[in-house]
Amino acid sequence: MATTILVVEDDVAIRDMLCFSLRHAGFECESVGDAEQGLAWLKSTQPELILLDWMLPGIDGIEFIRRLRSNEFLAAIPVIMLTAKGESEDMVKGLSVGADDYVNKPFTPSELIARIKSLIRRCTPAETEQDNQLEFSGLMLDLKSHRASVDGQRIELGPTEFRLLNFFMKNPERAYSRGQLLDQVWGDMVYIEERTVDVHIRRLRKALEPSKHDGLIQTVRGVGYRFSEE
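Residues in the sequence shown are numbered from 1 upward in steps of one, following the numbering used here.
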């Protein structure tokens with residue numbers, strides 16, 4: 001499967017040139033014209049890398065990275081910033097908020113492709129079976145196939161319930177407010193009501209009920225929810 005790269009760039013000519021160069025180098029390219037479109041696209045798909053322009057209309061590249069890095073499910077995506085800002089202070093600022101590399105405009109496609117390949121190599125650890133699976137109280141979560149199971153019996157989960165269970169299993173024994181769950185599971189760029197969390201908690205509990213794992217999701221009065229065996 002080809003590596004997917006998301007290009008967030010408001011200049012149409014540069015955006016088209018980037019996608020042409022990326023596809024010529026064997027990558028899949030998705031492109032958007034501003035940060036809001038990019039954040040919306042990331043709700044449903046995760047690329048292997050993001051090429052991000054600094055000077056975007058509305059939400060700029062720096063704020064885009066801050067939001068990306070604050071979301072558990074998006075934080076690990078490597079980002080290369082593209083900018084005409086060539087001062088060392090600007091480079092430090094971009095890297096300090098979470099950019100992984102920094103390319104000044106104008107640049108040659110060959111230089112950019114080389115940097116992309118180098119960054120992807122650095123950010124792609126060798127996969128192990130253990131890395132792809134979570135286990136809690138007999139409940140198994142396979143992150144590669146996006147499947148949950150108990151004793152080999154598959155549990156049917158929607159994509160949001162899967163992300164919610166993934167977060168809980170990685171962060172057990174701690175109470176989270178609805179707002180915190182919204183930020184971590186849905187992302188802080190999504191504006192939905194907190195009661196949406198309750199709806200998906202009910203769905204997740206119902207899915208876990210046949211295996212008697214629904215009790216792992218505990219309501220903490222005045223706070224929110226906790227994932228615990230106790």
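Positions of the beta carbon are idealized from the N, C-alpha and C atoms, including for glycine.
I need the boundaries of the alpha helix (DSSP H) containing Asp183, first residue and last residue.
Your numbering for residue 183 matches position 183 in the sequence shown. Per DSSP, Asp183 belongs to no alpha helix (DSSP H) and is neither H nor E.
Below 6 Å CB to CB, which residues in the same chain sit around Gly187 once its five sequence neighbours on both sides are set aside?
For the purposes of this step, residue 187 is identified with residue 187 of the sequence shown, where counting begins at 1. For Gly187, where only same-chain residues beyond five positions count, the Cβ hits under 6 Å are Asn71.
Three-state class that DSSP yields for Thr160 in the structure shown
Taking the sequence shown and counting its residues from 1, the one referred to as residue 160 is at position 160. DSSP places Thr160 in helix when its eight states are reduced to three.
Report back the beta-carbon spacing between Ile65 and Gly38 to the nearest angstrom; my notes put them in contact at under 8 Å.
Residue 65 sits at position 65 when you count from the first residue of the sequence shown. Residue 38 sits at position 38 when you count from the first residue of the sequence shown. Rounded, the Cβ-Cβ distance is 11 Å, inconsistent with contact.
Own chain, CB closer than 7 Å to Ala75, minus 5 neighbours either side, in chain order
Position 75 of the sequence shown, counted from the start, is the residue given in the question as residue 75. Excluding positions up to five away in sequence, the list reads Leu68 and Arg69.
Glu30 - containing beta strand (DSSP E), residue span
What you label residue 30 is simply residue 30 of the sequence shown in a count that begins at 1. Segment Glu28 to Val32, the beta strand (DSSP E) holding Glu30.
Could you give the distance in angstroms between the alpha-carbon of Asp100 and the alpha-carbon of Met91?
Along the sequence shown, one-based indexing puts residue 100 at 100. Along the sequence shown, one-based indexing puts residue 91 at 91. Those two C-alpha atoms are separated by around 11 Å.
Leaving out five residues before and five after Thr219 in sequence, what residues of the same chain have Cβ atoms less than 7 Å from its Cβ?
Along the sequence shown, one-based indexing puts residue 219 at 219. Correct list, in chain order: Tyr225.
Does the Cβ-Cβ distance between Lys93 and Ile50 come in under 8 Å?
As a first step, residue 93 must be located in the sequence shown, where it is residue number 93. As a first step, residue 50 must be located in the sequence shown, where it is residue number 50. For Lys93 and Ile50, no; Cβs fall outside 8 Å.
So, Thr4 versus Pro47, is the Cβ gap smaller than 8 Å?
Taking the sequence shown and counting its residues from 1, the one referred to as residue 4 is at position 4. Taking the sequence shown and counting its residues from 1, the one referred to as residue 47 is at position 47. Result yes, Cβ atoms of Thr4 and Pro47 sit closer than 8 Å.
Could you spell out where the beta strand (DSSP E) holding Ile120 opens and where it closes?
Taking the sequence shown and counting its residues from 1, the one referred to as residue 120 is at position 120. Run containing Ile120: none in the beta strand (DSSP E); it sits in the alpha helix (DSSP H), Pro109 to Cys123.
Rounded straight-line distance, which links the Cα of Glu135 to that of Leu22:
The sequence position of residue 22 within the sequence shown is 22, counting from 1. The sequence position of residue 135 within the sequence shown is 135, counting from 1. One C-alpha to the other measures close to 38 Å.
Straight-line gap, Ala207 to Ser228 (C-alpha atoms, nearest Å):
By 1-based counting over the sequence shown, the position of residue 207 is 207. By 1-based counting over the sequence shown, the position of residue 228 is 228. Rounded to the nearest angstrom, the two C-alpha atoms are 17 Å apart.
On the three-state DSSP scale, how would you describe Thr83?
In the sequence shown, residue 83 corresponds to position 83, counting from 1. It is a strand residue.
Could you check which residue in Leu216, Leu52, Asp34 and Lys43 has the C-alpha nearest to that of Ile59?
Position 59 of the sequence shown holds residue 59. The residue with the shortest Cα to Cα distance from Ile59 is Asp34.
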